[in-house]
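Going by the numbering used here, the first residue of the sequence shown is number 14, and it counts up by one from there.
Below is one structure, written out as structure tokens; the observations come after it.
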Amino acid sequence: MPENWPPPFQVRLSQRAKRILVSIHPKRGLEIVTPKRISTQQALNIVHQHRAWIEKKLQAQRHPATHTDPAWPTHQPPLHIHLPALNEHWQLLHRPTTTARAQLHIDSAQHQLTFSGEGEQVWSLLQRWFIAHTKLQILPMLHQLARAHGDPLQGSGARWNHTRWGSCSRAGRINLSARLLWLEPAEVNYVLHHELNHLHHFDHSPVFWQSLEARLPGALSLDRGIRHAHKRASFPAWLKLV
């Protein structure tokens, strides 16, 4: 067996894990995430079972692509932005300027965004606006549901998260991903109920899923539907640049 195999790895216990998972974190490296304790030999066997996948991911991490998705030029902002979660259509106007500072002017009444600056500067400004728009439009839905169900919500926020639609801390704070804006309204409602249910059941045990299905009939079907939602046509190619 080659000297560089197996690679260094660590085992991390997670009460929220439903099954044993293998992941590669940018900072922590190779991890075996498990809901219960396992022996070193068991962990090593899991690493061997997933060798092809692990080697492929580690290789990609060591030699990242030097180009962005060719499907959308980095200097070209989109002309229209559709947010299915809110059934909103926004127009994005680009006004080139000689000033160094890029700006994004928001006209909520006309659903119009006006961007001034170099084309490549638009993406960070859009990300900040998507996060702010999530706080403005979706967080109130979260708090309304919490009041209706008597959920002990202690705080909320929004981020630009690529890996989770939402998260709930033991302190009772829920953070939502602004990428929820590209889900359907019923799916957003599901994510809100899912995270609020964690205020009562912090793990993903059978009790959690039973409780979630009781408060939102059809929840399990919605959960399966959003697992690969980012591959839908409603998620535009330019979103990878944000």
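The C-beta atom is built at its ideal place from N, Cα and C for all residues, glycine as well.
- Inclusion of G130 and A145 in the CB contact set at 8 Å is not warranted, their separation being larger than that value.
- For N210, the uninterrupted alpha helix (DSSP H) run begins and ends at 198-210, by DSSP.
- Here the alpha carbons of Q28 and L106 stand approximately 46 Å from one another.
- The DSSP-derived three-state label of H93 is strand.
- With fewer than 16 other CB atoms across the displayed protein chains lying within 10 angstroms of its CB, N17 is exposed.
- Taken atom to atom, the span from the alpha-carbon of H88 to that of S224 is near 47 Å.
- Counted as a single uninterrupted DSSP element, the beta strand (DSSP E) harbouring F128 occupies residues 125-129.
- Taking each of V35, T127, L233 in turn and checking the Cα distance to L57, the smallest one comes out for V35.
- Assigned with DSSP and collapsed to three states, G238 falls in helix.
- Fewer than three Cβ pairs drawn from the segment 120-128 and the segment 177-186 lie within less than 8 Å of each other, which leaves the two stretches out of contact.
- Sequence-distant partners of I94 (beyond 5 residues in either direction) whose C-beta falls short of 7 Å from its own C-beta, in its chain, are W103, L105.
- Taking the C-beta atoms as reference points, V135 is found nearer than 8 Å to P90.
- Shown here, H214 sits in coil according to DSSP, grouped into three states, outside any helix or strand.
- At the C-beta level, L158 and W142 stay beyond 8 Å of one another.
- A distance below 8 Å separates the beta carbons of H206 and A232.
- In this structure, S169 lies away from L194, with their beta-carbon atoms at least 8 Å apart.
- Here Q23 has R41, G42, L43, E44, I45 as same chain residues with Cβ atoms under 8 Å from its own Cβ, once five neighbours each way along the sequence are excluded.
- Per DSSP, the beta-bridge partners of A171 are L189.
- In terms of CA proximity to H175, V255 leads the group R108, V255, Q55.
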